Structures are given as structure tokens and as C-alpha cells.
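Engineer: Counting from 375, one number per residue, gives the positions in the sequence shown under this note's numbering.
From the three backbone atoms N, C-alpha and C, an ideal C-beta is built for every residue, glycine too.
The structure presented is a predicted model; accordingly, all values stated were derived computationally and were not measured.
Below is one structure. I have some questions about it.
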Amino acid sequence: MAKRIVKVIDLVPGQAVQLPSVDNETLGHDQFWSGFVCPQQPIVVKNAVANWPALRKWGTHGYLEALTNRQVSVSDTFNASPAGLWHQNLPKYRLDEAISCLRNAGPDDTFAIRALPIPQEWKADLGSYDFLDAKRDLPPRAYARDRLFIYRNASTEWHYHTTDETLTTQILGSKRISMFKLSKADWHAYAGPIRSNLHHMDDRARFFPSDGSLTKFEATLEPGDVLYIPPFWWHGVDPADTGFGITLAHCFRTPLNRLGSLSDPAVKDVIRAQRSLMLALRMRAFVALGSLTRIVNP
Ligand SMILES: [Fe+2]
Numbered sequence: 375m376a377k378r379i380v381k382v383i384d385l386v387p388g389q390a391v392q393l394p395s396v397d398n399e400t401l402g403h404d405q406f407w408s409g410f411v412c413p414q415q416p417i418v419v420k421n422a423v424a425n426w427p428a429l430r431k432w433g434t435h436g437y438l439e440a441l442t443n444r445q446v447s448v449s450d451t452f453n454a455s456p457a458g459l460w461h462q463n464l465p466k467y468r469l470d471e472a473i474s475c476l477r478n479a480g481p482d483d484t485f486a487i488r489a490l491p492i493p494q495e496w497k498a499d500l501g502s503y504d505f506l507d508a509k510r511d512l513p514p515r516a517y518a519r520d521r522l523f524i525y526r527n528a529s530t531e532w533h534y535h536t537t538d539e540t541l542t543t544q545i546l547g548s549k550r551i552s553m554f555k556l557s558k559a560d561w562h563a564y565a566g567p568i569r570s571n572l573h574h575m576d577d578r579a580r581f582f583p584s585d586g587s588l589t590k591f592e593a594t595l596e597p598g599d600v601l602y603i604p605p606f607w608w609h610g611v612d613p614a615d616t617g618f619g620i621t622l623a624h625c626f627r628t629p630l631n632r633l634g635s636l637s638d639p640a641v642k643d644v645i646r647a648q649r650s651l652m653l654a655l656r657m658r659a660f661v662a663l664g665s666l667t668r669i670v671n672p
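Listed below in C-alpha cells is the structure:
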């Protein structure tokens with residue numbers, strides 16, 4: 375009997391439209407910054423890293439396995455909750471054995487090695503982003519600078535990032551992504567059911583607004599493509615094939631004048647979820663500083 379592969383994108387109802395894309399050659403530093411990062415608009419940059427050696431080399435059986443040797447956790451489920459602690463007790467394997475296992479797995483197997491820092495020996499096969507000015511590629515505030523996701527059939531559950539800008543960089547395999555931004559008016563109607571995992575129920579439709587009016591921006595990333603993900607954009611990811619895949623998430627710091635607003639329901643939600651009053655106050659102060667900077671430097 376075929377094993378069940380969990381997909382997440384279509385579990386949230388909405389109208390799918392094509393996410394805008396641009397060719398790498400036509401996207402300059404200033405256009406990327408002022409046209410997408412500052413207004414927090416996602417964009418797919420086609421063939422942005424097509425010249426990275428990793429795209430030619432990493433698909434070869436035995437190549438990555440010979441380069442490195444360390445322990446990693448391997449999950450045999452989709453990435454259920456990117457922010458949760460569910461993955462802490464996963465079994466550990468040698469990275470070379472884990473990669474070999476994923477390469478040789480069946481087309482209906484699900485495996486994920488998540489958020490792996492780039493092994494030093496692999497870095498020579500990666501490059502930089504033509505469209506991102508090196509002076510603006512500053513260390514992120516909350517997320518790791520670089521995380522590799524090595525997978526087979528492993529979707530990533532709907533979530534959003536509270537700060538830091540992300541360049542989802544497809545190296546091997548193809549992925550379907552879907553994104554939406556909620557307003558004050560529809561935040562609770564969608565964030566509530568998703569947080570409660572009600573979208574995984576067979577009768578999921580009854581937990582969401584019946585008009586299906588949510589606009590979902592969607593694209594398929596091929597090897598070499600990069601997706602820019604701004605903070606507070608909900609996104610879900612499904613592999614578009616059943617093969618061995620590798621994605622790199624590269625993060626850089628959100629400019630101070632683009633930190634969220636205290637009136638934004640997403641920001642309120644994050645402040646409410648802080649573990650202590652001190653953390654909540656710190657975050658409020660940080661966001662207020664961002665708002666102040668926005669007045670001085672809009
Ligand atoms: Fe994400």
C-alpha cells in the first residue's frame with residue numbers, strides 16, 4: 375500500500391494567483407531593495423543562482439556524502455510546525471548515511487533533515503545573490519543566517535516569520551510555494567484555524583470563511599530560482615516532485631524602518647505569545663523604535 379504524503383498548500387481555501395517573477399539579469403540592487411524589500415512584496419527571481427556549482431554537483435550520488443561526516447536528526451514526517459520543539463527528540467544519524475538514505479528512498483517515502491547549518495566543506499559550491507547589495511546583506515536578528523533543508527516529499531506547514539528577510543533558494547528538486555498576507559479584518563478567521571491544525575481535518579471548509587476570497591500567491595521554484603519572503607507573509611511549501619531535494623534559506627536583517635507596526639494583528643499576536651512580560655515589553659519597544667524610524671525615514 376502506498377504511504378501517505380502530506381501536502382499543506384491546498385488545505386487552506388483561497389483563490390490562487392501567480393506570484394510575480396523577474397529574471398535575474400533584469401533585477402538590480404536598488405530595484406530589489408526599493409521595489410520588494412522596503413514594501414515587503416514577495417518575488418520569485420528566476421535563475422538567480424543558476425551558476426552556483428552546487429546545482430551541478432549536489433545531485434551526484436556520493437558527492438555530498440564524501441565531503442562531510444557529522445550527526446543530524448532525520449524526520450520521517452513533513453515539517454509539521456517549523457517553530458515547534460517536536461523535532462528535538464528525533465533519531466540522529468551520520469549526515470552521509472542520512473543523505474544516502476534520502477537519495478535511495480522510495481517515491482512515496484517522506485524524510486527531512488531540517489535547518490542544517492551549511493557544512494564548511496560544502497560552502498565552496500555556493501555563491502552570492504547578484505540582486506542583493508552585499509552592504510545590505512547584514513546578519514539576521516532572530517533566524518540563522520543560512521539553513522539547509524534536505525528532503526524527500528516533506529512539505530513545510532503554513533507559518534510566517536516575525537522578522538528577518540528570507541531568500542528561499544532552490545538547489546535540487548522543485549517546490550510549489552503559496553503565500554498570503556492577512557489584514558486586520560481576516561487575521562483571526564485564518565490564523566485561528568491554521569494554528570489549531572483544523573485545516574488538516576476532512577471537514578476543514580467549515581472552519582474558514584465560506585467566501586473563499588483569500589488571495590494566495592503561488593509559484594513553482596525550479597533549481598536555481600530564489601523566492602524572497604518578507605516577514606509576516608504566511609507561506610506553505612509542498613515538494614512538486616517525489617525526488618531528493620535541497621533548499622537553502624538565506625536570511626538577512628530587516629531594515630529598522632520596516633519592522634512591524636503595533637497596530638498590525640500579526641505583531642500583536644507575536645507580542646502576546648512571548649514567554650515573559652520582559653520579552654513582550656522588549657518586543658514592543660523594538661517595534662515602536664521601528665515605527666519611529668519609519669516617521670523619520672519613510
Ligand atoms: Fe518559512
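Going by DSSP, what residue range makes up the alpha helix (DSSP H) through S474?
Structural biologist: Here the question's residue 474 lines up with position 100 in the sequence shown. Looking at the DSSP string, the run of the alpha helix (DSSP H) that includes S474 is L469 to N478.
Engineer: Please report the straight-line C-alpha distance between S455 and K497, rounded to a whole angstrom.
Structural biologist: Residue mapping note: residue 455 aligns to position 81 of the sequence shown, counting from 1. Residue mapping note: residue 497 aligns to position 123 of the sequence shown, counting from 1. In a straight line, the C-alpha of S455 is about 28 angstroms away from that of K497.
Engineer: Consider the C-beta atom of I603 and the heavy atoms of ligand 1; say whether any pair is separated by less than 7 angstroms.
Structural biologist: Position 229 of the sequence shown, counting from 1, holds the residue named residue 603. Correct: I603 has its Cβ closer than 7 angstroms to ligand 1.
Engineer: Taking D383 as the reference, which of V446, H609 and I603 has the closest Cα?
Structural biologist: As a working mapping, residue 383 is identified with position 9 in the sequence shown. For the sequence presented, residue 383 should be read as Ile rather than Asp. Here the closest residue by C-alpha is H609.
Engineer: Would you kindly work out how many angstroms separate the C-alpha atoms of C412 and R627, rounded to a whole number?
Structural biologist: For the purposes of this step, residue 412 is taken as residue 38 along the sequence shown, with counting starting at 1. For the purposes of this step, residue 627 is taken as residue 253 along the sequence shown, with counting starting at 1. Their backbone Cα atoms lie some 12 angstroms apart in a straight line.
Engineer: Measuring straight from C-alpha to C-alpha, what distance separates R488 and L522?
Structural biologist: In the sequence shown, counting from the first residue as 1, residue 488 sits at position 114. In the sequence shown, counting from the first residue as 1, residue 522 sits at position 148. Note on geometry: alpha-carbon atoms of R488 and L522 lie some 7 angstroms from one another.
Engineer: Are the Cβ atoms of F606 and Y534 separated by less than 8 angstroms?
Structural biologist: Position 232 of the sequence shown holds residue 606. Position 160 of the sequence shown holds residue 534. In this structure, Y534 lies closer than 8 angstroms to F606 by Cβ.
Engineer: Can you list, in chain order, the residues of its chain whose CB lies under 8 angstroms from that of S548, leaving out five sequence neighbours each side?
Structural biologist: Along the sequence shown, one-based indexing puts residue 548 at 174. Once the five neighbours on either side are set aside, the close Cβ partners of S548 are T594, L595, E596, P597, P613, A614, D615 and G619.
Engineer: Would you tell me roughly how many angstroms separate the C-alpha atoms of D504 and A422, rounded to the nearest one?
Structural biologist: Along the sequence shown, read from residue 1 onward, the residue named residue 504 stands at position 130. Along the sequence shown, read from residue 1 onward, the residue named residue 422 stands at position 48. Cα to Cα, D504 sits roughly 7 angstroms from A422.
Engineer: To which residues does DSSP link C625 through a beta bridge?
Structural biologist: Within the sequence shown, numbered from 1, the residue matching residue 625 stands at position 251. Note: C625 sits in a beta bridge opposite T540.
Engineer: Can you give me the start and stop residues for the beta strand (DSSP E) that Q405 sits inside?
Structural biologist: Mapped onto the sequence shown, residue 405 falls at position 31. Taken as a continuous stretch (DSSP letters only), Q405 belongs to no beta strand (DSSP E), being part of the alpha helix (DSSP H) at H403 to F406.
Engineer: I need the straight-line Cα distance from V391 to V641, nearest angstrom please.
Structural biologist: For the purposes of this step, residue 391 is taken as the residue at position 17 of the sequence shown. For the purposes of this step, residue 641 is taken as the residue at position 267 of the sequence shown. When rounded, the distance between both Cα atoms is 26 angstroms.
Engineer: In the structure shown, what three-state DSSP assignment does S574 receive?
Structural biologist: Counting from 1 along the sequence shown, the entry for residue 574 is found at position 200. The identity of residue 574 in the sequence shown is His, whereas the question assumes Ser. Three-state result, H574: helix.
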